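Engineer: Okay, so the sequence shown: first residue is 0 according to my numbering, each after it adds one.
Glycine is no exception: its CB is placed at the ideal position from the N, C-alpha and C atoms.
Computed from a predicted structure; not experimentally measured.
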Amino acid sequence: MVRTCEVALPLPLRTTFTYRVPGALDEQMVAGARVVVPFRNRAMLGVVLGRGDGPDGASLKNVAEILDPVPALSSRLVELGRWISNYYLSPIGETLRAMLPPSVELQFDREWQISEAGRARLQELRSLAAPNEAESADLAVLQVLEARGGVVSDGILRKLRDSSAAVARLLRRNELVVRGAGRHRTARMQKIVAWKVQAVPAPFRPAEQKVHRVLAENAGPLALVSLLKMADVSRAVVQRLAKQGKLLVTEEPLAPEEVRFATDLLPPSNLLNAEQVHVMNAIKAWLQARAFHPALLYGVTGSGKTEVYLHAVEATLALGRTAIILVPEIALTMWISEICRARFGGTVAVLHSGLSERERAREWWRVRRQEVQVVVGTRSAVFAPLEGIGLIVVDEEQESSYKQEEAPRYHGRDVALMRAKLEGAVALLGSATPSLESYQRAREGKYDLLCLRSRVENRPMAAVQIADLREDFRRTHKTAPISQDLREAIARELAAGRQSIVLINRRGYSWFVLCRGCGAAVLCENCSIALTYHKKRERLACHYCGFSRRVPRACPKCNSEHIYFVGAGAEQVEEHLRTLFPQARIARLDRDAVRHKRAFGQVLGAFGAGSIDILVGTQMVAKGHDFHGVTLVGVASADAQLSFPDFRAAERTFQLLTQVAGRAGRGTLPGKVIVESYHPEHYAIQMAASQDYVSFFEKELHFRRLMHYPPFVALASVLVRGAKLEKAIHWSRQIEAFFESQKMPEIKVLGPAAAPLARLKGQYRFHFLLKSTRRAALNQILNKCLACCVEKEIPDRAILIDVDPVNLL
Ligand code: ADP
Ligand code: ZN
Ligand code: ZN
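#1: By how many angstroms is the C-alpha of Ala32 removed from the C-alpha of Thr617?
#2: Could you pull the DSSP bridge partners for Asp589 from this structure?
#3: Starting from Gly45, trace the beta strand (DSSP E) both ways and give me its first and last residue.
#4: Output yes or no for whether 7 Å exceeds the beta carbon distance between Arg378 and Val371.
#5: So for Thr652, helix, strand or coil by DSSP?
#6: So if I measure from each beta-carbon to every heavy atom of ligand 3 and keep distances below 5 Å, which residues remain?
#7: Any idea what DSSP makes of Val213, helix, strand or coil?
#8: Taking 6 Å as the cut-off, is the C-beta of Ala553 nearer than that to any heavy atom in ligand 2?
#9: Decide if the stretch 422-437 is in contact with the stretch 393-403; the criterion is three or more beta carbon pairs, one per stretch, under 8 Å apart.
#10: Where does Gln369 land, buried or exposed, given buried means 16+ other C-beta within 10 angstroms?
#11: Between the Cα of Ser527 and those of Asp231, Phe646, Phe765, Ala775, spot the shortest distance and give me the residue it belongs to.
#12: Could you tell me whether the stretch 7-14 touches the stretch 83-94, using the rule of 3 or more Cβ pairs below 8 Å?
#13: Taking just the CA atoms, how far does Ala222 sit from Ala235?
#14: Between Val248, Ala488, Pro70, which has its C-alpha nearest Glu26's C-alpha?
#15: Gln809: which of Met706, Ala715, Cys784, Lys420 sits nearest, CA to CA?
#16: How about Lys556: is its Cβ closer than 6 Å to a heavy atom in ligand 2?
#17: Please identify the residue among Ala757, Arg442, Gly666 whose C-alpha is closest to the C-alpha of Tyr543.
#18: Rounded to whole angstroms, what's the CA-CA distance from Val77 to Ile83? Just pull it up for me.
#19: Using a Cβ-Cβ cutoff of less than 6 Å, which residues in the same chain neighbour Arg505 once the five nearest sequence positions on both sides are dropped?
#20: What does a CB cutoff of less than 8 Å around Pro555 pick up in its chain, not counting 5 residues either side in sequence?
#21: Looking only at its chain, what residues have a beta carbon closer than 6 Å to the beta carbon of Leu95, apart from the 5 residues adjacent to it on each side?
#22: Have a look at Trp285 and Ser302 and give me their C-alpha separation to the nearest angstrom.
#23: Just the C-alpha distance for Thr667 and His627, rounded to the nearest angstrom, thanks.
#24: Tell me which residue opens and which closes the beta strand (DSSP E) that Ala754 is part of.
#25: Helix, strand or coil for Pro804? Go by DSSP, reduced to three states.
#26: By the three-class DSSP mapping on this structure, what secondary structure does Gln238 have?
#27: Among Gly761, Lys228, Ala688, which one has its Cα closest to the Cα of Ile817?
#28: Would you tell me roughly how many angstroms separate the C-alpha atoms of Gln243 and Glu207, rounded to the nearest one?
#29: Using a Cβ-Cβ cutoff of less than 6 Å, which residues in the same chain neighbour Ala214 once the five nearest sequence positions on both sides are dropped?
#30: Indicate, with yes or no, if ligand 1 has a heavy atom lying under 6 Å from the CB of Ser302.
#31: Does DSSP put Arg259 in a helix, in a strand, or in coil?
#32: Give every residue of the same chain whose Cβ lies closer than 8 Å to the Cβ of Arg584, excluding the five residues on either side of it in the sequence, and list them in chain order.
#33: Find the nearest neighbour of Asp52 within the set Glu492, Val20, Glu64, judged by alpha-carbon distance.
#34: Would the C-beta of Thr305 count as close to ligand 1, meaning under 6 Å from any of its heavy atoms?
#35: Within its chain, find whatever has a CB closer than 7 Å to the CB of Ala637; leave out the 5 residues flanking it on each side and keep chain order.
#36: Within 10 Å of its beta-carbon, does Cys557 have 16 or more other beta-carbons around it, so buried, or fewer, so exposed?
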């Protein structure tokens with residue numbers, strides 16, 4: 000018998016791999032550890048799933064290395080990974096990779112090795128009197144190899160001139176062997192500075208005095224960077240003192256946590272109001288029970304949900320347990336984590352995709368080593384390797400950004416619930432506009448429902464007025480980017496020195512370009528989607544694949560010169576406001592205007608400080624922020640989202656309008672909201688205007704029941720895609736035949752139909768929609784469907800399965 004282990008590798012394959020465990024590694028080999036293994040001439044990083052025994056003489060490759068003395072993933076996280084892999088039909092290796100920290104300590108490289116045949120060839124080449132060009136090149140490569148003991152790294156061969164052709168030739172003749180190798184990066188070093196006790200303290204210049212004070216009196220030995228900051232001196236001062244022998248300078252590997260965060264933010268110490276206290280009492284009781292408990296916190300905008308989260312975290316820590324707070328956007332992590340640090344100090348870690356790999360790895364390992372008790376982050380922070388979790392908060396649980404749109408296609412909120420279940424923790428989903436799925440579960444008693452029905456300090460909800468754009472046109476006979484009502488309201492706020500937000504949920508200058516000659520819109524080359532006009536860049540751009548082109552002078556189809564631009568986007572609304580209000584301070588917040596995290600913070604900071612009068616932007620301006628000076632919110636064309644071919648169009652419109660309306664009147668002055676629409680009678684707009692979530696829920700739920708949509712069925716989409724139309728059609732026919740052969744009464748299959756985005760990034764797309772009254776049945780048929788694809792030799796990348804899809808385009 001030989002010792003073996005089962006390893007999951009980050010490949011789009013639904014299998015795991017068996018390796019032999021060398022005796023030396025036997026003891027450390029535990030499930031959840033990261034290992035380096037050879038795979039098809041490469042070295043790969045995988046995760047150990049389990050151990051076993053194999054028959055002697057089995058032709059297995061050896062595990063090359065174990066990376067972690069403590070396994071990266073705890074057994075609970077491995078279990079969570081298995082659940083995700085099964086529920087979302089995502090390959091286990093890809094799933095576990097999504098749960099791991101970036102592997103910054105490793106560097107994957109290829110190594111070249113000379114073979115016996117190679118050595119023979121080397122002798123032969125050396126004896127040649129007049130080698131030709133190819134022979135000389137081969138000789139050069141083989142000589143380098145021999146000189147370095149038979150093995151060299153990729154980099155060294157690449158430095159040789161004309162080596163790539165020679166390497167290919169030698170490889171073909173088996174005179175060279177390639178193999179993958181994972182090498183440890185050499186640790187970055189840092190200088191550590193200490194004061195030498197025996198050094199005479201005087202006489203000092205003032206700068207030297209400062210160094211002495213910090214090193215000898217306050218802090219003790221310090222990293223050079225920290226010393227410079229704390230003593231506020233230049234590098235030259237330190238160098239001079241070192242040269243005089245007053246300092247001891249050593250080097251050590253960069254400590255994992257080098258950055259201390261500035262927390263000069265004052266902790267807002269709000270006393271809870273009666274409603275908040277009531278909610279907190281329930282949460283405390285559940286925390287004390289130390290068992291899984293899912294709950295939905297439905298609280299209107301400005302009702303103080305954040306304060307409840309913080310108190311809940313505090314109560315969790317008091318019980319000696321740990322907590323995760325998930326937020327939908329990086330921008331929100333920044334300010335929630337600041338508040339958390341101010342309250343809970345250094346026990347907080349932040350995890351999100353905006354961090355560099357190094358920063359993310361550092362934070363991740365701090366968490367793994369149990370140095371922190373609170374993690375704040377976006378979607379993937381649900382995998383934070385905390386132990387003893389007592390609470391997981393999912394803020395704005397309805398947000399679609401919780402859904403990962405690449406493999407593994409998991410939903411952060413639903414994984415949070417599963418994780419809480421595995422950990423015996425409280426899962427607290429919070430929202431002012433809960434998703435239909437969650438609210439329905441709360442009503443069915445599957446979650447507890449907690450409510451905050453009024454704003455803090457009894458501030459009134461903002462008054463919402465709907466501006467009927469048809470009426471506006473009748474009155475003004477003009478189509479302007481914003482209505483007369485909104486213009487006048489902004490003017491009033493400006494005159495009073497107050498702030499406004501204008502939401503326009505379309506990027507660019509014009510939505511699309513139409514031809515009056517043939518009626519066609521100018522489309523993307525790779526996608527079946529109209530291009531958006533960006534005025535500043537003077538280009539038409541595709542928001543799906545990034546394709547862009549110059550603005551045509553004539554229609555690309557019929558050559559007519561009568562082309563015109565339709566619909567005002569954020570760029571145009573901003574320009575329009577600048578002409579209307581030349582004296583106003585205006586800023587725009589969208590992905591075109593603000594490309595970096597820092598710029599984002601700057602704009603919001605300036606707005607918060609009152610140095611911007613009007614903030615224009617896409618949904619980025621709508622969510623989460625707590626600006627007390629905003630008294631007016633305008634929504635330029637609320638309809639954009641209503642016409643989307645998606646059964647959640649009404650729900651998304653309602654959520655966005657309610658959220659943005661919630662930004663007004665959060666301070667002492669009451670807020671006002673103006674919503675522009677061509678469909679003012681639509682229930683999503685009407686009920687958002689009255690900020691009546693429960694009525695909206697009832698109405699929408701009725702529609703979902705009639706149409707067999709979630710929460711009444713479990714939904715999955717199967718997308719078939721291919722660069723060649725015939726292939727894509729052929730594959731969808733095969734899958735259609737499979738579904739027809741399956742007789743499952745609880746499942747309804749719609750399709751194949753061209754996806755709403757029938758072509759995307761050069762690929763033709765067809766999709767099936769599966770609705771099932773039983774989740775297990777859905778899982779079963781999808782597994783069979785995958786097996787069928789393997790049997791029919793439909794390539795993996797052509798099939799995209801999405802369970803509980805959020806995006807149906
Ligand atoms: P939500 O997330 O529900 O929209 P927030 O948590 O952002 O609301 O709270 C809105 C504002 O009310 C914040 O400025 C917060 O500091 C403040 N606040 C929260 N709780 C209280 C309280 N009990 N008394 C006074 N102000 C509070
Ligand atoms: Zn035309
Ligand atoms: Zn495109």
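Structural biologist: Taking the definition as stated:
#1: 43 Å
#2: None, per the DSSP bridge assignment.
#3: 41-53
#4: no
#5: helix
#6: Cys523, Asn525, Cys526, Cys541, Tyr543, Cys544, Phe546
#7: helix
#8: no
#9: yes
#10: exposed
#11: Phe765
#12: yes
#13: 16 Å
#14: Pro70
#15: Because the chain spans 0 through 808 in this model, residue 809 falls outside it and cannot be assessed.
#16: yes
#17: Ala757
#18: 10 Å
#19: Gly568, Ala639
#20: Val521
#21: Ala7, Val46, Gly80
#22: 22 Å
#23: 8 Å
#24: 746-759
#25: coil
#26: helix
#27: No statement about residue 817 is possible, as the shown extent of the chain runs from 0 to 808 and does not include it.
#28: 12 Å
#29: A small correction: the amino acid at residue 214 is Leu; Ala does not occupy that position in the sequence shown. Counting only Cβ-Cβ distances below 6 Å, and skipping sequence neighbours, we find Trp194.
#30: yes
#31: Model confidence at Arg259 stands at a pLDDT of 37, short of 50, so the residue's coordinates are unreliable; what they give is reported in the following sentence. In the structure shown, Arg259 sits in coil (DSSP, three-state: anything other than H, G, I, E or B).
#32: Ser610, Ile611, Asp612, Ile613
#33: Val20
#34: yes
#35: Thr652, Leu656, Val674, Glu675, Ser676, Ile684
#36: exposed
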